[in-house]
Amino acid sequence: MQHASAEIDSQKRADPFTRDECRYCHKGPQKHQIDDTKGPWCVPCHTQHNVGTTLGLKTYFKQLKRLRSETTGEALTESFILQKMILIPAGEFFMGEDGTKKSLGPRHAVYLDDFYIDQFHVTNLYYQTFVNETQRLAPPHWNAQQHPREIANHPVAFVSWHDADAYCTWAGKRLPTETEWEKAARGTDGRMFPWGKKHLQNHANIYQEKIKDTTVVNQYPQGKSPYGLYDMAGNLFQWTSSWFLPYPGNKVPHPNFG
């Protein structure tokens, strides 16, 4: 599924000073004023360490914006409150690829406005919070609505498009379009893979690695995209909000188009 949380060490209490999202609540004049929250990035950590989660998400946003404004004079938008997201700047990039797979072409330039996208896949730990709060049916490999602890920081798998869309809505986000996803994965220099133009082993969890399972979401830093996103190749398939349609100029039929 699409990207989200950083890994949480299950053996240690999280250090609230390592992430900006935590720092606003746990440091300075606003310390402990709103550390009981239901923000989608906070609940997994608070739950893991037996810290209360009492505030609703909208209430949390209001309080956090007010505190940030009072202490720094800065307005804080929800884009920066949400868990780690990467800004993809506006501009053109090359979409598609001319090659053996005719459904991927033709290569063409596309302009996009700037947008934010999660740096990591949504983990089982984060999806657990969504399942708990909405009572949505958990993925089939979970045990009685609970994710296996050993895959807490692996990307959540076996979710439908509707599951992914519902999670994004719950988290105050949306699924990226196919075009947004591809720009975030490839950058603007026309590379074929997130890390460059050549296929390289040890850069992603793909079949050549013979792992035959998902891996933690930050396992392959050498495979990051030009913007710093992880697992934009490998680990598992990702949903977008777009239909699979031919690119302009592509007249080659494909059974999955439409």
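Position 223, counted from 1, in the sequence shown is what this note's numbering calls 259; the numbers after and before it change by one each time, with no gaps.
Even glycine gets a Cβ: it sits at the ideal position worked out from N, Cα and C.
Computed from a predicted structure; not experimentally measured.
Residue range of the beta strand (DSSP E) that includes residue i
{"i": "TYR203", "result": "Not the beta strand (DSSP E): TYR203 falls in the alpha helix (DSSP H), residues 197-206."}
{"i": "ILE124", "result": "121-124"}
Exposed unless 16 or more other CB atoms sit within 10 angstroms - verdict on residue i
{"i": "SER196", "result": "exposed"}
{"i": "PRO184", "result": "exposed"}
{"i": "THR205", "result": "exposed"}
{"i": "ASP225", "result": "exposed"}
{"i": "TYR298", "result": "The requested residue 298 does not occur in the structure, where the chain is confined to residues 37 to 294."}
{"i": "ASP150", "result": "exposed"}
{"i": "ILE247", "result": "exposed"}
{"i": "MET268", "result": "buried"}
{"i": "ALA145", "result": "exposed"}
{"i": "PHE156", "result": "buried"}
{"i": "GLN237", "result": "exposed"}
{"i": "ALA111", "result": "Because ALA111 sits at a pLDDT of 46, beneath the cut-off of 50, its placement in the model cannot be relied upon, and the following sentence gives the value as read from the coordinates. Looking at its Cβ environment, which holds fewer than 16 other Cβ atoms inside 10 Å, ALA111 is exposed."}
{"i": "LEU265", "result": "buried"}
{"i": "ASP134", "result": "exposed"}
{"i": "ASP249", "result": "exposed"}
{"i": "LYS209", "result": "buried"}
{"i": "THR159", "result": "buried"}
{"i": "GLN171", "result": "exposed"}
{"i": "PRO230", "result": "buried"}
{"i": "ALA207", "result": "buried"}
{"i": "TRP275", "result": "buried"}
Alpha helix (DSSP H) segment containing residue i, residue limits
{"i": "ARG210", "result": "First-last for ARG210: undefined, no H or E at that position."}
{"i": "GLU245", "result": "No alpha helix (DSSP H) holds GLU245; DSSP gives it neither H nor E."}
{"i": "LYS219", "result": "214-222"}
Distance CB(residue i)-CB(residue j) smaller than 9 Å
{"i": "PHE129", "j": "ARG222", "result": "yes"}
{"i": "MET212", "j": "ALA193", "result": "For the sequence presented, residue 212 should be read as Pro rather than Met. For PRO212 and ALA193, no; Cβs fall outside 9 Å."}
{"i": "ASP201", "j": "SER277", "result": "yes"}
{"i": "HIS235", "j": "GLY270", "result": "no"}
{"i": "HIS198", "j": "VAL252", "result": "no"}
{"i": "MET131", "j": "TYR152", "result": "no"}
- Task: Would you list, in sequence order, the uninterrupted alpha helix (DSSP H) runs of no fewer than 4 residues that lie entirely inside the stretch 131-194?
- Result: 160-170
- Task: Answer yes if the stretch 240-247 comes into contact with the stretch 146-166, meaning at least three C-beta pairs across the two stretches below 8 Å, and no otherwise.
- Result: no
- Would you call the stretch 211-229 and the stretch 173-187 in contact, with 3 or more CB pairs under 8 Å? no
- Query: Are there three or more Cβ pairs, one per stretch, closer than 8 Å when the stretch 173-180 is compared with the stretch 254-271?
  - Reply: no
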